[in-house]
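Residue numbers (the numbering used here): 24 to 179.
Comments concern the structure below.
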Amino acid sequence: MEEKILEIFLRVRESFSDVKDRVSLLKPCFELHAFSPGWAMKLEEFEKILGFKPELIYRSKEEVYGISVIYKIDDDVTTGIIAHEFAEVVAREKGIFDHKEIDRICVERGFGEQLLTALQSDFLPGLVERSFIDGEELRERIRQLRELLKIEKLRK
């Protein structure tokens, strides 16, 4: 499965040229994936949380951030998860922590459909966060994402 995740990671990475040289792919950190299928944070934060330096599947040039992902259901859902994590890195670099804004970044980069599939599949934003998000907020995110996708289709 690591090969499949790497293949998707490398494909998605090309749409995030502003951060692609800063983001490495970690071997899945199963200690974290009990809570969410995807994580993006600085490599040093992974090390602090895990208590050890995580193993890399793909080493970026700058090695600032890491993404840890597990393969879920199919390529579309996994692509949505990986794109969401890249979008989180882009947002974090800009000081943005709002999921609606992160969703917008995914749409702009061409991964809105996959993100929508992942959200509707109950795999994002993850179990930890899901317990703090009320259902209405998640429904609103899905509704807004659908609207963004309609606007994007009209532009093409």
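Positions of the beta carbon are idealized from the N, C-alpha and C atoms, including for glycine.
Spatially closest choice to residue 144 from 129, 47 and 100, by CA coordinates: Mapped onto the sequence shown, residue 144 falls at position 121. Of the candidates 129, 47 and 100, the one whose C-alpha sits nearest the C-alpha of residue 144 is 100.
Spatially closest choice to residue 45 from 176, 113 and 98, by CA coordinates: By one-based count along the sequence shown, residue 45 stands at place 22. For the residues 176, 113 and 98, the minimum Cα distance to residue 45 belongs to 113.
Any 3 or more C-beta pairs closer than 8 Å across the stretch 129-142 and the stretch 64-82: The stretch 129-142 is not in contact with the stretch 64-82.
Whether residue 49 touches residue 90 by CB criterion (8 Å): The residue you call residue 49 lines up with position 26 of the sequence shown. The residue you call residue 90 lines up with position 67 of the sequence shown. Result yes, Cβ atoms of residue 49 and residue 90 sit closer than 8 Å.
Sequence-distant residues of its chain with Cβ nearer than 6 Å to residue 142 (five each side left out): Taking the first residue of the sequence shown as 1, we reach residue 142 at position 119. Here the set comprises 165.
Residue environment, residue 108, which counts as buried when at least 16 other CB atoms sit within 10 Å: Walking along the sequence shown from the start, residue 108 turns up at place 85. Looking at its Cβ environment, which holds 16 or more other Cβ atoms inside 10 Å, residue 108 is buried.
Among 159, 73, 57 and 137, the one whose alpha carbon lies nearest that of residue 172: Within the sequence shown, residue 172 is the residue found at index 149, counting from 1. Nearest option by C-alpha distance: 137.
Where the alpha helix (DSSP H) containing residue 112 begins and where it ends: Numbered from 1 along the sequence shown, position 89 holds the residue referred to as residue 112. Element bounds for residue 112: 98-116.
Same chain only: Cβ atoms within 6 Å of residue 36, ignoring 5 sequence neighbours per side: Looking up residue 36 in the sequence shown gives position 13. These residues qualify, in order along the chain: 43.
Helix, strand or coil at residue 72 [DSSP, three-state]: Against the sequence shown, residue 72 aligns to sequence position 49. Residue state, collapsed to three classes: helix.
Pair within 8 Å by beta-carbon distance, residue 93 and residue 111: Position 70 of the sequence shown, counted from the start, is the residue given in the question as residue 93. Position 88 of the sequence shown, counted from the start, is the residue given in the question as residue 111. Not a contact, by the Cβ cut-off of 8 Å.
Three-state secondary structure assigned by DSSP to residue 141: Reading the sequence shown from its first residue, position 118 is the one you call residue 141. Three-state DSSP puts residue 141 in a helix.
Other residues of its chain near residue 175: CB distance less than 6 Å, five sequence neighbours each side excluded: Here residue 175 refers to the residue found at position 152 when the sequence shown is read from its first residue. The residues are 130.
Proximity of residue 86 and residue 47 at Cβ, strictly below 8 Å: By 1-based counting over the sequence shown, the position of residue 86 is 63. By 1-based counting over the sequence shown, the position of residue 47 is 24. Yes, the Cβ-Cβ distance between residue 86 and residue 47 is below 8 Å.
Assumed close pair residue 31, residue 97 - CB separation to whole angstroms, cut-off 8 Å: Here residue 31 refers to the residue found at position 8 of the sequence shown. Here residue 97 refers to the residue found at position 74 of the sequence shown. That belief does not hold up - the Cβ atoms of residue 31 and residue 97 are roughly 11 Å apart, past 8 Å.
From 71, 52 and 40, residue whose alpha carbon lies closest to that of residue 25: Against the sequence shown, residue 25 aligns to sequence position 2. With distances taken between Cα atoms, residue 25 lies closest to 52.
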